[in-house]
Amino acid sequence: MNSLDRKLFRDLLRQWGQLIAIALVVSCGIASFVMSLSAYDSLKFTKTTYYNQYRFAEVFASLKRAPETLSDRITEIPGVGQVQTRIVVDVILDVPEKEQPATGRMISLPSQQHPMLNDIYIRRGRYIEAGRGDEVLVSESFAKANNLKLEDTLGAVINGRWQKLRIVGIAISPEYIYEVRGGASLFPDNERFGILWMEREALATAFDMDGAFNNVTLTLSRGASEQNVIDRLDRILERYGGLGAYPREDQLSNHIVDGEIKELEGMTTVIPTLFLAIAAFLLHVVLSRLIATQREQIAILKAFGYTKAAIGFHYLKFVMAIVLFGATLGTILGLWMGKGLTELYAEFLRFPIFRYNADWRVVFGAIAISIFGAIVGGLGSVYKAVSLPPAVAMRPEPPPEFKPTLIERWGLQNLFSPAGRIILRNLERKPLQASLSILGIALAVAILITGRYFEDAVTYLVDVQFRHVQREDVTIVFNEPRPARTRYEVAKLPGVVQSEVFRSVPAKLRFQHYQHRSGLTGIQANAELLRLVDRSLNTVNLPADGVVLTKKLAEILHVQPGDVLTVEVLEADRPVRSIPVVGLVDELMGLSAYMEINALNKLMREGQTISGAYLRVDANLANKLYTRLKEIPAVAAFTTRQAALDSFNEISGKNMRVMTFILVIFASIITFSVVYNSARIALSERSRELASLRILGFTRAEIAFILLGEQAILILLAIPIGFLLGYGFAAYMSWTYNQELFRLPLIITRSAYAFTFLVVSIASVISGFIIRRQLNNLDLIAVLKTRE
Amino acid sequence: MKGIETQQQTVFRMEEVSKTYQMGEVKVRALKSINLELEEGELIVLLGPSGSGKSTLLNILGGLDVPTEGRVWFKGRNLTKASDADLTRFRRECVGFVFQFYNLIPSLTARENVALVTEIAVHPMRPREALGLVGLDERLDHFPAQLSGGEQQRVAIARAIAKRPQVLLCDEPTGALDFQTGKRVLEAIELVNKELGTTTAIITHNAGIAAMADKVITMRSGEITDIQRNLVKVKPSQLEW
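Top line first, the protein sequences correspond to chains A and B.
Counting with the working numbering, you get residues 73 to 860 for the letters of the first sequence.
Counting with the working numbering, you get residues 23 to 263 for the letters of the second sequence.
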């Protein structure tokens with residue numbers, strides 16, 4: 073080690089407390105970067121491996137009924153790899169010891185187990201035995217939520233007949249990582265919806281599907297055009313009641329899994345950036361202070377003939393040492409946490425396999441980012457050190473040049489005391505330093521706002537969706553369209569206080585070359601249990617004609633009110649119609665297209681027909697209703713608003729709340745360290761000046777006012793800037809979370825601003841108090857003896 | 023005026039050197055048309071009150087600063103035309119500095135402070151040897167804060183001479199020291215001048231020191247007012263002030 077490095081080492085040791093604090097900020101940033109990026113990579117890799125090993129299909133289609141021979145025609149479509157036809161039906165289940173009925177999705181299995189598309193992995197038990205029509209495999213999540221064990225039995229109404237099903241195995245499948253029914257339910261409700269695999273023969277007999285199928289999935293051969301295959305498949309299936317084929321990308325379970333993984337990706341950018349920006353700021357503060365105190369040492373080194381490059385490199389190494397220490401710690405921590413997080417996700421997503429691979433790319437990325445931060449933070453000060461001419465550096469720093477401030481040029485100086493003028497002149501003289509302090513504090517403020525934003529946005533989303541839009545207690549869906557008079561029977565069900573019917577038809581919406589496969593929902597014009605609202609939560613009236621779209625759906629289709637959509641219905645006579653878009657609604661979950669129910673019936677050229685009903689239920693009679701619903705063969709599905717809310721909270725809400733909590737804790741600590749650091753540096757820079765004032769007879773309170781007054785002004789300037797920055801970060805987050813499944817609105821509540829203000833104020837008061845105590849201990853004689 | 027001296031080589035030559043500083047809105051002329059020659063092996067004392075321009079003169083000689091006008095030669099090298107990198111090399115290879123406030127690196131021991139220079143020099147002494155010359159071989163591993171003022175200044179001298187410089191420039195080397203300690207530091211400087219033959223310039227406002235010099239240059243208000251040659255040099259231990 074040469075002498076210069078030895079000096080470096082001792083300089084580092086002398087300020088270890090402050091430097092470790094900075095290194096920790098760096099390591100927080102790097103750890104969150106490494107953790108989220110490595111978990112993101114690993115999950116993507118694990119998912120792909122799982123999908124490949126279990127042959128997850130690439131194109132999916134449901135239809136009404138087609139003869140098995142059609143599968144040969146599908147195989148002949150150019151670009152199709154493997155084809156698998158199935159029977160898939162939803163039935164109402166009676167789960168032992170549960171009051172509410174559940175919906176089971178029955179999927180056919182070949183009688184002999186062999187590799188197939190969307191293959192199952194049997195966790196416990198065994199495959200079904202050929203010829204045993206009462207044996208089923210049950211999905212793991214459903215089994216877990218309902219405490220189902222091997223050999224338990226379930227009651228089911230299968231095609232109008234009560235039947236007992238015996239559980240022989242518990243399984244998972246890449247197709248139902250998230251067990252979502254689809255339609256209006258976009259989030260898994262494992263207690264009330266599950267997958268049941270059953271022998272094809274038995275299922276075919278029960279649902280009149282002998283030698284036929286109603287669901288087909290397929291893989292693509294290498295280089296095939298997905299869209300071409302989908303178009304050809306749609307044309308083949310059209311005669312057989314095809315509901316429109318869709319790619320893996322739109323498959324609901326896969327879509328949610330991707331969303332979860334994407335959330336991690338969001339974490340890899342914003343949060344580490346903020347941490348590293350703050351670390352860069354702190355480094356700048358500490359380094360510029362160090363260089364100011366080592367002015368003469370730098371001059372000496374130059375006088376001895378050390379080159380600019382050697383001195384610049386010396387100080388750069390100082391910064392690098394801190395940052396690389398932080399980065400190393402952060403990388404180790406990040407890899408460890410990343411493995412844990414991947415494991416947690418893999419378990420949560422019930423992947424049967426688990427692969428953690430932290431790429432060298434991640435580690436190098438982390439180190440590169442931190443070096444970049446170090447250079448940004450240190451370069452200015454290092455440049456200053458290097459460019460100082462030795463003869464100038466040798467002399468004490470000349471008294472700084474002061475000019476009359478703006479306030480004096482405006483003739484307002486009499487409004488300020490001499491102390492006040494010192495504060496103002498100081499701020500005006502060192503605008504860069506003042507701006508950097510302001511920026512540092514503003515960043516901390518912005519993190520606080522961002523942290524609070526998540527919580528507020530999720531709360532708002534839940535409030536909009538589950539209080540303003542969905543107001544029913546229970547939704548029932550019939551297994552096929554029913555005549556309108558069924559509504560009277562529904563209204564007479566036990567416990568039903570209010571009921572409103574709806575009609576939903578599967579359809580493709582098209583505008584120019586944009587299209588989306590969703591459905592049309594017909595609701596009553598004066599519907600109260602499902603209310604259409606705009607951004608300000610005012611009720612939107614549903615016109616007698618035309619379609620009202622969720623804003624996000626309008627975005628996807630590139631339409632605005634007044635444009636005319638082509639609607640291609642995928643049911644019954646499959647009419648193709650043009651309908652004007654007459655309004656937009658600001659729903660934050662899912663994508664919907666609403667019409668007045670009579671208008672939809674007219675469009676379908678059908679009499680008054682309904683698909684289901686929204687019910688408001690007397691809580692005391694709910695159990696009676698549930699018992700009754702289990703016995704009605706016409707009811708194919710059943711959901712409660714509370715279950716949907718719980719499941720949303722379980723999946724998305726919980727993750728975000730944990731993240732928010734961590735962010736707020738981090739941000740509070742950072743706020744304190746930034747505020748304290750900038751005041752502490754100001755104290756050491758100006759202790760001589762302040763001691764001189766004390767000798768001239770200024771009181772402790774007066775010099776405290778000069779020092780802390782300046783800090784207070786910086787903080788007060790930083791807060792609104794931080795609010796703006798935070799708003800910007802929140803807007804970015806809101807943009808990131810603008811997905812089909814749900815959207816986070818850009819909502820920053822007054823309480824978020826107030827909370828942030830409070831945290832910053834408390835941090836400021838505490839650091840002010842500490843500085844004040846240090847000011848009181850100012851050694852006047854010693855300070856005056858030190859040479860500047 | 024030509025005698026034995028002419029056989030000695032001229033180390034520094036200054037021609038019409040002026041230096042002007044811009045101090046806020048006032049121009050300060052620190053040096054006014056200085057002409058000067060320094061011979062090899064000489065011990066020179068630059069005498070003058072504060073503000074007379076002696077530090078500026080020393081800084082220009084040492085390549086720490088450049089004149090506004092005029093020319094400076096070091097053994098035929100034109101320092102006024104030298105680039106920043108050239109000046110850095112000049113200081114690294116040829117010049118040793120000693121300052122009033124020692125300017126040791128506080129985080130390095132005496133030995134390491136000297137090593138700081140020997141590591142980048144061409145034919146340096148070993149740090150222990152240099153510290154031995156100034157009588158500090160017992161205190162090699164002490165930090166500046168553990169040394170007295172006189173000891174710190176002797177470390178600074180050891181640091182300056184360890185590279186075997188061709189010139190040693192000392193700016194008020196005794197300015198911060200008491201009488202006895204100051205004399206010990208001057209003894210060390212004289213020893214180096216005699217033993218190594220290093221051309222040495224000492225700046226001081228203390229006229230008592232002038233008696234130890236070969237040549238005494240007196241300055242006032244940026245001008246040389248007098249150059250005297252001492253026929254009899256007094257040993258530092260016999261100086262009085």
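Glycine included, each C-beta is placed from N, C-alpha and C at the ideal position.
Through-space distance from residue j to residue i, alpha-carbon basis
{"i": "D658(A)", "j": "D606(A)", "result": "5 Å"}
{"i": "R158(A)", "j": "G437(A)", "result": "46 Å"}
{"i": "G23(A)", "j": "G450(A)", "result": "Here chain A comprises residues numbered 73 to 860, so residue 23(A) is not present and cannot be evaluated."}
{"i": "I443(A)", "j": "L789(A)", "result": "30 Å"}
{"i": "K103(B)", "j": "E61(B)", "result": "22 Å"}
{"i": "A671(A)", "j": "V653(A)", "result": "13 Å"}
{"i": "S112(A)", "j": "I370(A)", "result": "Before going further, note that residue 112(A) is Tyr rather than Ser in the sequence given. Going by the C-alpha atoms only, they are around 46 Å apart."}
{"i": "K24(B)", "j": "V33(B)", "result": "Caution is warranted here: a pLDDT of 39 is assigned to K24(B), below 50, making its placement in the model unreliable, and no coordinate value can be reported."}
{"i": "I843(A)", "j": "A440(A)", "result": "36 Å"}
{"i": "L779(A)", "j": "V747(A)", "result": "13 Å"}
{"i": "N57(B)", "j": "L101(B)", "result": "15 Å"}
{"i": "P555(A)", "j": "N673(A)", "result": "11 Å"}
{"i": "K97(B)", "j": "Q31(B)", "result": "8 Å"}
Cβ-based neighbour list, residue i, same chain, cut-off 6 Å, excluding 5 preceding and 5 following
{"i": "L209(A)", "result": "G241, A243 and W269"}
{"i": "Q188(B)", "result": "C116"}
{"i": "F777(A)", "result": "A491"}
CB contact check: residue i to chain A, cutoff 7 Å
{"i": "R99(B)", "result": "no"}
{"i": "K41(B)", "result": "no"}
{"i": "R114(B)", "result": "yes"}
{"i": "F119(B)", "result": "yes"}
{"i": "I127(B)", "result": "yes"}
{"i": "L282(B)", "result": "For residue 282(B) there is no data in the structure shown, the boundaries of chain B being 23 and 263."}
{"i": "D163(B)", "result": "no"}
{"i": "D87(B)", "result": "yes"}
{"i": "N215(B)", "result": "no"}
{"i": "N81(B)", "result": "yes"}
{"i": "M23(B)", "result": "In this predicted model, M23(B) has a pLDDT of only 40, less than 50, meaning its place in the structure is not dependable enough to derive any value."}
Closer than 7 Å at the beta carbon, the chain A residues around residue i
{"i": "V139(B)", "result": "F376"}
Where residue i meets chain B, residues with beta-carbon distance less than 7 Å
{"i": "M78(A)", "result": "The residue you asked about is not Met; residue 78(A) is Arg in the sequence shown. Those within 7 Å of R78(A) in chain B are L130 and E134."}
{"i": "S75(A)", "result": "L130, E134, A137, L138 and E141"}
{"i": "Q90(A)", "result": "The premise fails here: Q90(A) is roughly 16 Å from chain B at the closest Cβ pair, so nothing lies under 7 Å."}
Among the options, the one whose alpha carbon lies nearest that of residue i
{"i": "P462(A)", "options": "D87(B), E59(B) and L80(B)", "result": "D87(B)"}
{"i": "I224(B)", "options": "E37(B), R35(B), L79(B) and G98(B)", "result": "L79(B)"}
{"i": "N610(A)", "options": "L656(A), S99(A) and Y560(A)", "result": "L656(A)"}
{"i": "V254(B)", "options": "T220(B), T90(B) and M234(B)", "result": "M234(B)"}
{"i": "N262(A)", "options": "P187(A), R177(A), R233(A) and V530(A)", "result": "R177(A)"}
{"i": "L165(A)", "options": "L768(A), D645(A), V707(A) and A754(A)", "result": "V707(A)"}
{"i": "Y318(A)", "options": "V301(A), I328(A), V329(A) and Q90(A)", "result": "V301(A)"}
{"i": "F123(B)", "options": "W408(A), K456(A), L407(A) and E368(A)", "result": "E368(A)"}
{"i": "M272(A)", "options": "L499(A), A835(A), D280(A) and S183(A)", "result": "It should be noted that the sequence gives Arg, not Met, for residue 272(A). Nearest option by C-alpha distance: S183(A)."}
CB contact below 7 Å: residue i versus chain B
{"i": "S459(A)", "result": "no"}
{"i": "S756(A)", "result": "no"}
{"i": "P462(A)", "result": "yes"}
{"i": "R82(A)", "result": "yes"}
{"i": "E860(A)", "result": "In this prediction, E860(A) scores a pLDDT of 39, lower than 50, which makes its location untrustworthy; no coordinate-derived value is stated."}
{"i": "Q783(A)", "result": "no"}
{"i": "E500(A)", "result": "no"}
{"i": "E16(A)", "result": "Missing from the structure shown is residue 16(A); chain A here goes from 73 to 860 and no further."}
Partners in chain A for residue i, counting only beta-carbon separations shorter than 8 Å
{"i": "T110(B)", "result": "K374, G377, Y378, T379 and K380"}
{"i": "L351(B)", "result": "Residue 351(B) lies beyond the stretch modelled for chain B, which goes from 23 to 263, so this question has no answer here."}
{"i": "G84(B)", "result": "A375"}
Closer than 8 Å at the beta carbon, the chain B residues around residue i
{"i": "R86(A)", "result": "S129"}
Other residues of its chain near residue i: CB distance less than 7 Å, five sequence neighbours each side excluded
{"i": "N848(A)", "result": "R772"}
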